[in-house]
Amino acid sequence: MPTSDSYHDYLIARLKDSNYAALYLETHFELDEGESPDSQLLKLALSHVAEALGSPDKAKIYQEKLDELLSQSGSDVIYSLGTWLQLLGLKLTVAVADDTQEIVDNSPATSEVLV
């Protein structure tokens, strides 16, 4: 009788490839128009990447740091996430959107933009 691996095992094996892990996270950060962010899904994705790329002896530390940084507020969170990703051999980057001109054309005046 054939057996199959669990999806989790398969996913972790795939995420051991840093390029795949980066793409996996990218898909979780990007939102479709009208889509709301899902913080629990993002946390799960980050946990999967930590499990795959982190050393087994530091898995608990990676998870604790992730929980700590996701509980922060303010602009320091982005820097903490960047540092956390660097520990796993990844980096946080910004890229030009494919539909940049459409975004620029439909954006409110700069004085109206809130961050």
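Per the numbering used here, numbering of the sequence shown is gapless, rising by one per residue and ending at 121.
Where a beta carbon is used, it is the ideal one built from N, C-alpha and C, also for glycine.
Please read these numbers as outputs of a predicted model, since none were measured by experiment.
- [ ] Tell me, please, whether the segment 53 to 67 touches the segment 25 to 36 by the rule of three or more beta-carbon pairs shorter than 8 Å.
- [x] Taking 8 Å as the limit for Cβ pairs, the verdict is that the segment 25 to 36 does touch the segment 53 to 67.
Open item on the list: Residues in the same chain with beta-carbon distance under 8 Å from leucine 37, minus the five sequence neighbours each way, listed in chain order, please.
Closed with: Counted from its first residue, the sequence shown places residue 37 at position 31. Around leucine 37: Pro43.
- [ ] Have a look at aspartate 104 and leucine 93 and give me their C-alpha separation to the nearest angstrom.
- [x] Numbered from its first residue, the sequence shown carries residue 104 at position 98. Numbered from its first residue, the sequence shown carries residue 93 at position 87. Whole-angstrom Cα-Cα distance: 29 Å.
Task: Nearest residue (CA-CA) to leucine 50, options Trp90, His34, Ser12 - done: Taking the first residue of the sequence shown as position 1, residue 50 is located at position 44. Out of Trp90, His34, Ser12, His34 has the C-alpha closest to the C-alpha of leucine 50.
- [ ] Under 8 Å Cβ to Cβ from leucine 98, same chain only, skipping five residues before and after it: list those, please.
- [x] If you number the sequence shown from 1, residue 98 lands on position 92. Same-chain partners within the cutoff: Ile84, Leu87, Gly88, Leu91.
Task: As assigned by DSSP and simplified to three states, the class of alanine 101 - done: Along the sequence shown, one-based indexing puts residue 101 at 95. Coil, per DSSP.
Open item on the list: Using the Cβ count rule (16 or more neighbours within 10 Å means buried), how would you classify tyrosine 68?
Closed with: For the purposes of this step, residue 68 is taken as residue 62 along the sequence shown, with counting starting at 1. The residue is buried, with at least 16 neighbouring Cβ atoms inside 10 Å.
Open item on the list: Could you tell me which whole alpha helix (DSSP H) segments of length 4 or greater appear in the segment 16 to 90?
Closed with: 24 to 35, 45 to 59, 65 to 76
Open item on the list: Mapping the DSSP letters down to three states, classify leucine 93 as helix, strand or coil.
Closed with: As a first step, residue 93 must be located in the sequence shown, where it is residue number 87. Leucine 93 falls in the helix class under three-state DSSP.
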